[in-house]
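J.:
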């Protein structure tokens, strides 16, 4: 195959890897009933005028499956952290004891579990759309090469390779979704 086609296939694979990595990151934000520091990944605190990720202004620990503790690096940050958690609207009620903030992670209701499964399905569908867009872009690039004189057989083989790559990544997304669903629905 030509170098251009190898480049197209390599960049398609890299883009698809990025879609999978993004999906895994999104799945971390969907809580499955067990406390995890990742649950607070989307919380930003007003730190001297700039929005800063919570993990950069405090130490986040999980002493047990139902509790998250947040120890700010500066005691003056207790109130802003507590406020940021409330603003983030992630369903937690932080308790400030003067030294640390304690969050009790409530057990998930059946309805909430179903909502989280729906959310996971939406995220995985978005990832599949991303993979299909990469396939479309790659096939368009291959068609351009064919118009520029690359042999039809080489281009057909490249399109087949892109399709195989797409199929394997779609399968990977479906496998990740099955695992996440099981994790969410496990009581």
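Numbering (the numbering used here), first residue to last: 4 to 190.
For every residue, glycine included, the Cβ atom is placed at its ideal position computed from N, Cα and C.
Over the uninterrupted beta strand (DSSP E) stretch that includes residue 75, give me the two end residues.
T.: From DSSP, the beta strand (DSSP E) with residue 75 extends over 70 to 75.
J.: If we ignore side chains and look at the alpha-carbon of each, how far apart do residue 170 and residue 46 end up?
T.: Each residue's Cα considered, the two are about 35 Å apart.
J.: Output the boundary residues of the beta strand (DSSP E) element that contains residue 54.
T.: It spans 53 to 56 - the beta strand (DSSP E) in which residue 54 sits, taken as one unbroken run.
J.: If you draw a straight line from the C-alpha of residue 70 to the C-alpha of residue 84, how long is it?
T.: When rounded, the distance between both Cα atoms is 16 Å.
J.: Going by DSSP in three states, residue 84 sits in which element: helix, strand or coil?
T.: The answer is helix: DSSP assigns residue 84 an H, G or I state.
J.: DSSP on residue 38, reduced to helix/strand/coil?
T.: The answer is coil: DSSP assigns residue 38 none of H, G, I, E or B.
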